[in-house]
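Numbering (UniProt numbering), first residue to last: 1 to 336. As structure tokens, the structure follows; a few thoughts come after it.
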Amino acid sequence: MDGLTISQARVQYGQVEAVKDLSIEVPLGTVTALLGPSGCGKSSLLRAIAGLEPLAAGSVSWRGRNMEQVPVHQRHFGMMFQDGQLFPSRNVSGNIAYGIAHLPKAQRQEKVKELLDSVGLSGYQDRSIDTLSGGQAQRVALARCLAPQPQLLLLDEPLSALDRALREELVITLRQIIRDLELTVVYVTHDQDEAFSLADQIVIMDQGKILAANSAEEIWTHPGSQAAASFLGYRPFLSAAAAAEFGIEIPGDTQLAVAPGGLKMCLAEQGIEANARDLRVRRGKYLAEVAWRQGSEEYSGQAEAGLGLHLSKKQTSQEVGLQIQRSETCVVPVSS
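Following this line, the structure appears as structure tokens:
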């Protein structure tokens, strides 16, 4: 394959397997997000790709070449970490130019200027690192990472230390740079919004294994398993009989998984009878934890209040009706 190929990779620390016989392909010019909770093995895998961690088994190949015997500095991969790891003794220009010291001075200066323009920090060449905000420091770290024109860009939670508004702003900047430079990227994150905003392919990991791997569009609508759907925020999971009560027919050996926002509270006479508790307002929407019984099964989930429904935050428990928005569901196997 003309890109990155990870085949049966295993990363081990003593007796602990951080990555377990994992295989992924990343085509040239695409972004693959390794998405999962802390401790799932995604950063260990990224470090193995970079050559910072040895593989206990398996292989990493770039454009058909096995990287096992290739030292880190000869792989021509760029890597950026959560804290940027800038050199405090160098100014912005010195940090960015660190990896291109072999170029003539005039060429280095021009390259630094181009990169600062691309990350939205025009004119920052002479600024000292301790005068930068968190977002500015990460932009400089990105520019430094891009300066040597890496063949593959490896990003390990680069935005996780920033507040949400700044993360959303930098995701837009990063996405534009990746597209403009036609970069091949492996992006580690626990943030679903980042993954879906940036990635062509999303790989959901847990306990060193792949739960699901697909395009960003397909993995949301077809996560393939209850574990993957649960990580993405689907809740609750209804049996075929319970789904039928909402007017939704699915095969008997499957479950209906309800996405965030798919469960709606309505007037009691307009839906399945349920009990609503813990009413709260978030981003202008009324939300509550709802619980209901269908036959011998008990279900619970988070629901939004629909139009025409008036609830009181003073009451600890209120009777409501429930409806499910079919477009905000997916079907997963019972055995998953």
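In this text, a Cβ means the ideal position worked out from N, Cα and C, and glycines have one as well.
For Gly134, report the span of its alpha helix (DSSP H) as first-last. Here residue 134 refers to the residue found at position 134 of the sequence shown. Per DSSP, Gly134 belongs to the alpha helix (DSSP H) from Gly134 to Leu146.
Exposure of Ser44, with buried meaning 16 or more beta-carbon neighbours within 10 Å: For the purposes of this step, residue 44 is taken as residue 44 along the sequence shown, with counting starting at 1. Under this definition Ser44 is a buried residue.
Starting from Gln294, trace the beta strand (DSSP E) both ways and give me its first and last residue. Counting from one through the sequence shown, the residue named residue 294 turns up at place 294. Looking at the DSSP string, the run of the beta strand (DSSP E) that includes Gln294 is Lys285 to Gln294.
Helix, strand or coil: which one does DSSP assign to Val72? The sequence position of residue 72 within the sequence shown is 72, counting from 1. Of the three classes helix, strand and coil, the one that applies to Val72 here is helix, per DSSP.
Is the region 233–250 touching the region 50–57, taking contact as three or more C-beta pairs under 8 angstroms? no
Residue interval of the alpha helix (DSSP H) (run including Asp117): Taking the first residue of the sequence shown as position 1, residue 117 is located at position 117. First-last of the alpha helix (DSSP H) with Asp117: Lys105 to Ser118.
Across which residues does DSSP place Ile204 in a beta bridge pair? For this step, residue 204 is matched to residue 204 along the sequence shown. Ile204 pairs with Leu35 and Ala212.
In chain order, each beta strand (DSSP E) run of at least 3 residues that lies wholly inside the region 34–67: 57–62
Please state the DSSP three-state secondary structure of Ile6. Counted from its first residue, the sequence shown places residue 6 at position 6. Reduced to three states, the DSSP call for Ile6 is strand.
So, using beta-carbon positions, are Leu211 and Pro236 closer together than 9 angstroms? Residue mapping note: residue 211 aligns to position 211 of the sequence shown, counting from 1. Residue mapping note: residue 236 aligns to position 236 of the sequence shown, counting from 1. It is not a contact, given that the beta carbons lie outside the stated cut-off.
For the candidate residues Glu298, Thr5 and Leu170, whose alpha-carbon lies nearest to that of Ser160? Taking the sequence shown and counting its residues from 1, one reaches residue 160 at position 160. Comparing Cα-Cα distances from Ser160 to each of Glu298, Thr5 and Leu170, the minimum goes to Leu170.
Use the C-beta contact count for Ala101: other C-beta atoms within 10 angstroms, 16 or more gives buried, fewer gives exposed. For the purposes of this step, residue 101 is taken as residue 101 along the sequence shown, with counting starting at 1. Exposed, because fewer than 16 other Cβ atoms sit within 10 Å of the Cβ of Ala101.
Rank Gln201, Thr316, Arg280 and Glu297 by C-alpha distance to the C-alpha of Glu304 and give the top, closest one. To locate residue 304, count along the sequence shown from 1; it is residue 304. Of Gln201, Thr316, Arg280 and Glu297, the residue nearest in Cα terms is Arg280.
List the whole-angstrom C-beta distance separating Ala9 from Tyr187, where the pair is believed to meet the contact cut-off of C-beta under 8 angstroms. In the sequence shown, the residue the question calls residue 9 occupies position 9. In the sequence shown, the residue the question calls residue 187 occupies position 187. In fact, because the Cβ distance is near 17 angstroms, the residues do not count as touching under 8 angstroms.
Would you kindly check if the distance between the Cβ of Leu152 and the Cβ of His76 is under 9 angstroms? Within the sequence shown, residue 76 is the residue found at index 76, counting from 1. Within the sequence shown, residue 152 is the residue found at index 152, counting from 1. In this structure, Leu152 lies closer than 9 angstroms to His76 by Cβ.
Rounded to whole angstroms, what is the Cα-Cα separation between Glu273 and Leu181? As a position in the sequence shown, residue 273 is number 273, starting the count at 1. As a position in the sequence shown, residue 181 is number 181, starting the count at 1. Looking at the two C-alpha atoms, the distance is approximately 54 angstroms.
Between Ala216 and Asp200, is the Cβ-Cβ spacing less than 9 angstroms? Residue 216 sits at position 216 when you count from the first residue of the sequence shown. Residue 200 sits at position 200 when you count from the first residue of the sequence shown. Cβ atoms of Ala216 and Asp200: closer than 9 angstroms.
Delimiting residues of the alpha helix (DSSP H) encompassing Glu168: Within the sequence shown, the letter at position 168 stands for residue 168. Element bounds for Glu168: Arg164 to Leu181.
Report yes if the C-beta distance between Asp156 and Phe87 is below 9 angstroms; otherwise report no. On the sequence shown, residue 156 is found 156 positions in, with the first residue counted as 1. On the sequence shown, residue 87 is found 87 positions in, with the first residue counted as 1. Contact: no.
How would you call Ile6, buried or exposed, if buried means at least 16 neighbouring beta carbons within 10 angstroms? Mapped onto the sequence shown, residue 6 falls at position 6. Buried.
For Phe87, report the span of its beta strand (DSSP E) as first-last. Residue numbering aside, residue 87 sits at position 87 when the sequence shown is read from its first letter. That residue, Phe87, is in no beta strand (DSSP E); it is neither H nor E in DSSP.
So the candidates are Arg47, Asn95, Val203 and Pro223; which of them puts its Cα closest to the Cα of Val331? The residue given as residue 331 occupies position 331 in the sequence shown. Taking only the C-alpha atoms, the option nearest Val331 is Pro223.
Buried or exposed by the 16-neighbour rule on C-beta atoms within 10 Å, applied to Ala48: Within the sequence shown, numbered from 1, the residue matching residue 48 stands at position 48. Flag for Ala48 reads buried.
Does the distance from the CB of Val290 to the CB of Asn275 come in under 9 angstroms? On the sequence shown, residue 290 is found 290 positions in, with the first residue counted as 1. On the sequence shown, residue 275 is found 275 positions in, with the first residue counted as 1. Contact: yes.
Roughly how many whole angstroms lie between the Cα atoms of Tyr124 and Gln15? The count along the sequence shown starts at 1 and reaches residue 124 at position 124. The count along the sequence shown starts at 1 and reaches residue 15 at position 15. Roughly 47 angstroms separates the two Cα atoms.
Taking only three categories from DSSP, how would you classify Asp193? The residue labelled residue 193 in the question sits at position 193 within the sequence shown. Correct three-state label for Asp193: helix.
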